[in-house]
Amino acid sequence: MNARSEIHDRLAASLREARRARGLSLDAVAKLSGVSRSMVSQIERGESSPTVATLWNLTQALQVDFAGLLEGRERPGIEVVRGAAAPVIAREGVRVRILSPAESVGDHEVYDLDFGAGARMISEPHGPGCREHLTVIEGRLRVISGEEIEELGPGDVARYPADRNHEIAAIAGAARAILIVQDS
Numbered sequence: 025m026n027a028r029s030e031i032h033d034r035l036a037a038s039l040r041e042a043r044r045a046r047g048l049s050l051d052a053v054a055k056l057s058g059v060s061r062s063m064v065s066q067i068e069r070g071e072s073s074p075t076v077a078t079l080w081n082l083t084q085a086l087q088v089d090f091a092g093l094l095e096g097r098e099r100p101g102i103e104v105v106r107g108a109a110a111p112v113i114a115r116e117g118v119r120v121r122i123l124s125p126a127e128s129v130g131d132h133e134v135y136d137l138d139f140g141a142g143a144r145m146i147s148e149p150h151g152p153g154c155r156e157h158l159t160v161i162e163g164r165l166r167v168i169s170g171e172e173i174e175e176l177g178p179g180d181v182a183r184y185p186a187d188r189n190h191e192i193a194a195i196a197g198a199a200r201a202i203l204i205v206q207d208s
């Protein structure tokens with residue numbers, strides 16, 4: 025193995041490990057970094073050499089040390105993502121904090137949802153048989169799955185099909201919930 029391919033392999037492994045340790049999917053890293061999903065995937069597979077600017081954007085999104093990317097590290101027995109370091113996607117009044125590890129994407133995903141007053145999260149159908157489990161922590165939420173509608177308060181849990189159009193909306197103020205997405 026030549027020195028260049030060894031560096032690519034180490035860089036690819038470090039970026040992939042950092043993404044997984046933070047519980048991010050390729051799509052989430054793309055959104056956070058501004059680097060296309062396909063480019064992130066190519067870099068992680070060692071098929072592309074990133075520019076310094078691309079590498080900088082990825083390290084900022086992943087909150088890793090730019091200079092330490094090529095150092096080898098062992099994974100700890102207990103993986104911890106500190107509250108302030110958990111990946112967050114915010115849009116249209118909803119803050120989505122990703123709690124699940126990247127390797128569980130498409131199987132079992134966990135999110136902390138924080139809705140501003142009147143905010144809503146509209147989703148297109150997920151894969152066949154996919155279900156969501158929503159637990160309200162604070163406030164009131166309306167859940168729509170297909171033609172069905174339910175209103176929930178603190179402590180209420182709704183389990184519903186997510187393989188159809190569905191929506192979660194805050195009612196009368198802000199709300200907070202935990203969402204588990206489970207593919208069949």
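All residue numbers for the sequence shown refer to the numbering used here, where the first residue is 25 and numbers rise by one.
All C-beta atoms, glycine included, are put in the ideal place defined by N, C-alpha and C.
Item                                                                                                                                         : Value
Assign Arg43 to buried or exposed, taking buried as 16 or more other Cβ atoms, counted over all protein chains shown, within 10 Å of its Cβ. : buried
Distance, Cα to Cα, Glu148 vs Val205?                                                                                                        : 13 Å
Hey, quick one: how far does the alpha helix (DSSP H) through Glu68 stretch, first residue to last?                                          : Arg61 to Glu68
On a Cα-Cα basis, can you pick out the residue from Asp136, Asn189, Ala85 and Leu39 that is closest to Glu162?                               : Asp136
What residue range does the beta strand (DSSP E) around Ser169 cover?                                                                        : Arg155 to Ser169
Measuring straight from C-alpha to C-alpha, what distance separates Pro125 and Ile113?                                                       : 15 Å
Would you tell me roughly how many angstroms separate the C-alpha atoms of Ala108 and Ser57, rounded to the nearest one?                     : 17 Å
In terms of alpha-carbon separation, which member of Ile202, Asp33, Val64 and His32 lies closest to Val134?                                  : Ile202
In angstroms, rounded to a whole number, what distance separates the CA positions of Phe215 and Val59?                                       : Because the chain spans 25 through 208 in this model, residue 215 falls outside it and cannot be assessed.
Assuming Arg46 and Val105 make a contact with CB atoms under 8 Å, what is their CB distance in whole Å?                                      : 6 Å
Between Arg69 and Arg115, what straight-line distance do the alpha-carbon atoms span, to the nearest angstrom?                               : 30 Å
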